[in-house]
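Working notes, structure below.
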Amino acid sequence: MQEIKHVYIAKSCLFVNGQLVLKGENSIFVKYLKEVYKHTDIKYSKYFKMDPLSKLGFLAAEVLLKDMKCSESPERNGIILENKVSTYLVDVKHQVTINDKENYFPSPANFVYTLPNVMTGEICIRHGFKGENAVFVNEAFDAEFVCQYIKSMYEADKVDMLIGGFVDADEDEYEAFMFFTEKDNVSELDAKMIEDLYLKSKSQAEE
Amino acid sequence: MNKKTYIIGDSMISSLGFGSKENMKSLYDGNSGVQRIDDKYLYPEPFMGARLDDKQLNRCFSSLLMMSKLPEDFEFTRFEKMAIMSMAGVYRDQTFPTDKNTLFILSTTKGNIDLLQEDLMEKWGKERSMLYKAADVIAQFWGFENKARVLSNACISGVEALHIASKFIKQGVYENVIIVGADMLTEFVVSGFMSFQSLSSNVCKPFDESRDGLNLGEAAGCIFLSSNEQYLKRNKTILEISGGGSSNDANHISGPSRTGDGQFFAIQSAMKEAELTSKDIDHISAHGTATPFNDEMESKALNLAGLQEKPVNSLKAYFGHTLGAAGIIESIVAIHNLVDQKILKSLGFEKNGVPMPLIIQQKTEEYSMNNILKTASGFGGCNAAVIISKTEKA
């Protein structure tokens, strides 16, 4: 059985299929994101407008989808992500612009990122995915629920390819886990296996 | 074999009233909940919006506390009260289960976002402002055994929740799903939409030539779905979610597609699942925010789907745009329209202002229908569609 391709980013480490690919020189989140962006070797001007959560999700998807084949029908490619704090970092940034009635300056460029599914939207734009897309907010990555959703969408014949995962960016922590599923390997998809892949990457990053 | 996703019960609270019955009466009478709001807590200047009656909310909520599984002195936020209120309306008519066969989904964009205000943050703390925490509190009120799930996919959350829930039910993953869609009118959201310059200074005019933006609103709605026919005893007309789908434009994060293909994919996916063609769809309850680009996109999508000869309406001039609640409360209206065999006029519409031909419903009247298509679109380029159909027991 072929292993399901997965990517993990946290604590200035990038893992692909459990292998450390990029150990960051910077422990600061946004600085490490720059290193990962360089590593992906792409030129994508829209990236620089994104909020940190979208950047993290975008980069994880970039690494995950490298050399992977998606469906040629755009509406058969989809993505489901979980997230813990929704868009807390951007929310606080927006709140600061409206706290003082004498100095009121809400910005549309910021406000648009106060929805967690804008991250999945950015990924869909980049890769031309026009199919099922959902963001669930949960306290922690829940492999069982994500796999339940994925199996359900395949069984209903809504998709040929579906990315699953968890992407979160909070004040002191960030974490991205993404895995690739397709019609041909979905029968092998097992929540316990996905949970193990996630936990293995997580513990490696913590070492 | 696939099970059916029956619609067992529904309830909602909005600017038009408390309970589905009161809301439907107000809609059939042609009332709008959108009005001038002059409140410094919501925006430094007056604006047009649709607001809930806070006094009524607090009064009604205090009578629910005896149903709570949480300690007596537990304090609820305004958002949690709204969500719980809408669920109580369903529970009173038909007790819903809370066991392992039942999933609770909260559909919201911003939940307890008002808690980010300095004074409220001090009282409630950061964690309570989190969407998962609000869902957890609501779930604990009722004593759900399964973990609550929060779907936060911008303005399609409600319609998409119905779509995903019906897949789970049809496939037997869960027997019952209780969905609550809720969002509040807050300074956070009003100031954001103001910065986008997408709010109208009048009651909004979906699909109209002179439409110039949307109105924000607040509401909570609850729909109880189940494959278990036991719960259908009180239902005179039997309805189901017959199909659903979601899609992405893959075009722009804050502007709708210029071609309508994304929304079309969601409609097509819903019709395919329901085994229906455009001929079978009797009416479309559109997203219709009344922003120039959204309504333009919808006219294209509905034409791509071959639905240009079916009556369309938008409910945004009645309720305002209620974000994560919109898909749920507008589906509740569609449910009652099917039961009553009545169609609502698209309030605010006078003269066609979209590029592709559409029949915009201009009169509230008796109308024979079997299948209503409900659509939604949102930031992030997302779209969703569900079909609500008259049906028989399996």
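Going line by line, the protein sequences match chains A and B.
Using this note's numbering, the final residue of the first sequence is 207, and nothing's skipped along the way.
Using this note's numbering, the final residue of the second sequence is 1394, and nothing's skipped along the way.
Every residue, glycine too, gets a C-beta built ideally from N, C-alpha and C.
Quiz item: Which residues, taken in chain order from the segment 46–59 of chain A, show a beta carbon closer than 7 Å to some beta carbon of chain B?
Solution: none
Practice problem: State the DSSP-derived secondary structure class of residue 1271(B), mapped to helix, strand or coil. | Solution: helix
Quiz item: When you compare each of 21(A), 12(A), 39(A) to residue 28(A) by their alpha carbons, which one comes out closest?
Solution: Looking at the Cα atoms, 12(A) is the closest of the given residues.
Self-check item: Bridge partners - residue 1102(B), DSSP secondary structure assignment
Solution: 1176(B)
Quiz prompt | Min CB distance residue 1365(B) to chain A below 8 Å | solution = Taking Cβ atoms only, chain A never reaches closer than 8 Å to residue 1365(B), which makes this a no.
Quiz prompt | Extent of the continuous beta strand (DSSP E) run through residue 178(A) | solution = Annotation for residue 178(A): the continuous beta strand (DSSP E) segment containing it runs 174–182.
Quiz prompt | Unbroken alpha helix (DSSP H) run spanning residue 153(A), endpoints | solution = 143–155
Quiz item: Taking the Cβ atom as the reference point for each residue, do residue 1155(B) and residue 1323(B) lie within a distance shorter than 8 Å?
Solution: yes
Quiz item: Is the Cβ-Cβ distance between residue 1281(B) and residue 1344(B) less than 8 Å?
Solution: no
Exercise. State the beta-bridge partners of residue 168(A) as determined by DSSP.
Key: 175(A)
Quiz item: What residues in its chain sit with their C-beta under 8 Å from that of residue 1307(B), if we drop five residues either side in the sequence?
Solution: 1267, 1278, 1281, 1284, 1373
Quiz item: Does the Cβ of residue 146(A) have 16 or more other Cβ atoms within 10 Å, making it buried, or fewer, making it exposed?
Solution: buried
Quiz item: Given that a residue counts as buried once 16 or more other Cβ atoms are within 10 Å of its Cβ, and exposed if not, what is residue 1371(B)?
Solution: buried
Self-check item: Boundaries (first-last residue) of the beta strand (DSSP E) holding residue 1134(B)
Solution: Run containing residue 1134(B): none in the beta strand (DSSP E); it sits in the alpha helix (DSSP H), 1131–1142.
Practice problem: Look up residue 1094(B) in the DSSP assignment and give the residues it is bridged to. | Solution: None, per the DSSP bridge assignment.
Quiz item: Hey, how far is the Cα of residue 35(A) from the Cα of residue 186(A)?
Solution: Annotation: residue 35(A) to residue 186(A) spans about 33 Å, alpha carbon to alpha carbon.
Self-check item: Simplified DSSP assignment, three categories, for residue 1076(B)
Solution: Residue state, collapsed to three classes: coil.
Quiz prompt | Of the residues 169(A), 150(A), 40(A), the one placed nearest residue 182(A), counting alpha carbons only | solution = 150(A)
Self-check item: Buried versus exposed call for residue 1091(B) [16 or more other C-beta atoms within 10 Å across all chains shown]
Solution: buried
Practice problem: Using a Cβ cut-off of 7 Å, pull out every chain B residue sitting near residue 146(A), in sequence order please. | Solution: None at all; the shortest Cβ gap to chain B is about 11 Å.
Quiz item: If you run the structure through DSSP and keep just helix, strand and coil, what is residue 1158(B)?
Solution: Correct three-state label for residue 1158(B): helix.
Self-check item: Reduced DSSP secondary structure (H/G/I, E/B, other) of residue 140(A)
Solution: In the structure shown, the three-state DSSP call for residue 140(A) is coil.
Exercise. Measure the Cβ-Cβ separation of residue 18(A) and residue 123(A) and say whether it is below 8 Å.
Key: no
Practice problem: Can you say whether residue 1332(B) is buried or exposed, counting buried as having 16 or more other CB atoms within 10 angstroms of its CB? | Solution: buried
Quiz item: Contact check, residue 1252(B) vs residue 1375(B) under 8 Å by CB: the rounded distance?
Solution: Their Cβ separation, rounded to whole angstroms, is 18 Å, which puts residue 1252(B) and residue 1375(B) out of contact at 8 Å.
Quiz prompt | contact_flag[the segment 1196–1210 of chain B, the segment 1295–1314 of chain B] where n(CB pairs < 8 Å) is 3 or more | solution = yes
Practice problem: Express the C-alpha separation of residue 14(A) and residue 1010(B) in angstroms, rounding to a whole number. | Solution: The alpha-carbon separation between residue 1010(B) and residue 14(A) amounts to approximately 47 Å.
Quiz item: With 16 as the cutoff for other CB atoms within 10 Å, does residue 1066(B) come out buried or exposed?
Solution: exposed
Quiz item: Of the residues 1357(B), 1168(B), 1246(B), which one's Cα is nearest the Cα of residue 133(A)?
Solution: 1246(B)
Quiz item: So is residue 1148(B) buried or exposed if we call it buried at 16+ other beta carbons inside 10 Å?
Solution: Burial is judged here by how many other beta carbons sit within 10 angstroms of a residue's own beta carbon; residue 1148(B) has at least 16 and is buried.
Quiz item: Which whole-angstrom value is the C-beta distance of residue 1049(B) and residue 1214(B), which I expect to be below 8 Å?
Solution: With a Cβ gap of about 10 Å, residue 1049(B) and residue 1214(B) do not count as contacting.
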